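So the structure is just underneath, and the comments pick up after that.
Numbering (the numbering used here), first residue to last: 15 to 315.
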């Protein structure tokens, strides 16, 4: 005896949709798995042997007998099977969201015919064998074409401001946030010009390294000079007492001796910088004191 079967329109619609999707392989009720959550990850317990728990889109975690949980992805490329480990879950590792983000990046690489696992190994090898920021800074200071006085000044800033913070780090370990933190600290202690100069040195060192094959991003690109400090022009002239004080303290400035001498000459002669740097020897009267009888010709054609 067959009883009448009553099916609501909603249930009938769901059945028809499911049958249609299943026929075309879009989904199967038996293959639906719940995605991972932080709660599920925290509750995973180690077993006698390594086991896997799937997330979505091919991402899964491997749980070892020691209790370590790592995010992994299996893929096929150029006819071979490979596995990439994105990182461990937990303190000091990566989050579930970060693992899913890395999965997306890995899938793009596979689509482009690149092996995510091999690219990761190459990047690790580059970091392991890479030279430090100090090594690259020394190469730049020695090899970049600049005046000796400029080189001395930049070395002074590097030794004082940058080397203690970045010297032992690899280039890939330094990001724009690190540079921003350093320049902010320099500005806070009252040296905005030094902060801008420090950023300039970092930019030049990274540019030097990148031009020589280093696969890194330049952190200075995201730290604009105008965002470090703004300098307002000052029209006020220095008084005699201020000139004397500045002259006295010039010897204490950590810069090249040629720069200090040039600054003193400007204070003593009261000429424009271009007038001093463009002066010729016959315009200087050496028979008298240089300070009291200076014969520069400011209006020389």
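Even glycine gets a Cβ: it sits at the ideal position worked out from N, Cα and C. Keep in mind it's a predicted model, so treat the numbers as computed, not measured.
Which residues in the same chain as residue i place their Cβ atom closer than 8 Å to its Cβ, once the five residues preceding and following it in sequence are excluded?
i	result
residue 75	50, 55, 58, 66, 67, 69, 83, 84, 85, 86 and 103
residue 133	123
residue 287	280
residue 101	84, 85, 107, 108, 112, 113 and 116
Closest by CA to residue i, which one among the options?
i	options	result
residue 213	202, 240, 226 and 227	240
residue 275	264, 284 and 285	264
residue 152	122, 227, 267 and 173	173
residue 148	179, 95, 72 and 71	179
residue 209	196, 121, 234 and 257	196
residue 80	131, 71, 98 and 61	61
residue 117	97, 106, 105 and 135	97
residue 145	207, 256 and 230	230
residue 253	284, 114 and 165	284
residue 131	218, 269, 99 and 105	99
residue 243	255, 181 and 199	199
residue 13	188, 167, 135 and 256	The structure shown does not extend to residue 13, since the chain spans only 15 to 315, so no value can be given for it.
residue 157	177, 77, 78 and 219	219
residue 78	258, 189 and 63	63
Residue range of the beta strand (DSSP E) that residue i falls in?
i	result
residue 171	First-last for residue 171: 162-171, but that is the alpha helix (DSSP H), not the beta strand (DSSP E).
residue 87	83-91
residue 75	73-77
If you run the structure through DSSP and keep just helix, strand and coil, what is residue i?
i	result
residue 64	coil
residue 245	coil
residue 146	strand
residue 294	coil
residue 104	coil
residue 184	strand
residue 136	helix
residue 70	coil
residue 286	coil
In terms of residue numbering, what span does the alpha helix (DSSP H) encompassing residue i cover?
i	result
residue 118	110-125
residue 233	That residue, residue 233, is in no alpha helix (DSSP H); it is neither H nor E in DSSP.
residue 53	52-56
Leaving out the 5 sequence neighbours to the left and right, which residues in its chain are closer than 6 Å to residue i when beta-carbon positions are compared?
i	result
residue 295	none
residue 88	97
Here's a check: name, in chain order, each residue in its chain whose Cβ is nearer than 7 Å to the Cβ of residue i, leaving out the five neighbours to either side.
i	result
residue 193	213, 216, 233, 234 and 237
residue 277	264
residue 129	91 and 96
residue 292	none
residue 261	278 and 281
residue 163	270, 272 and 273
residue 266	none
residue 52	110
residue 39	Any reading at residue 39 must be qualified, since the residue scores a pLDDT of 40, below 50, and its modelled position is unreliable; the value itself is stated next. Nothing meets the Cβ criterion.
residue 201	209, 242 and 243
Is any non-hydrogen atom of the ligand SAM found closer than 7 Å to the C-beta of residue i, if you look at the structure I gave you?
i	result
residue 169	Of the ligands one can find in the structure shown there are none, so the ligand SAM has no counterpart to examine.
* Asked: Which whole runs of the alpha helix (DSSP H) in the stretch 193-280 are 4 residues long or more, in chain order?
  -> 206-224, 239-242 and 254-263
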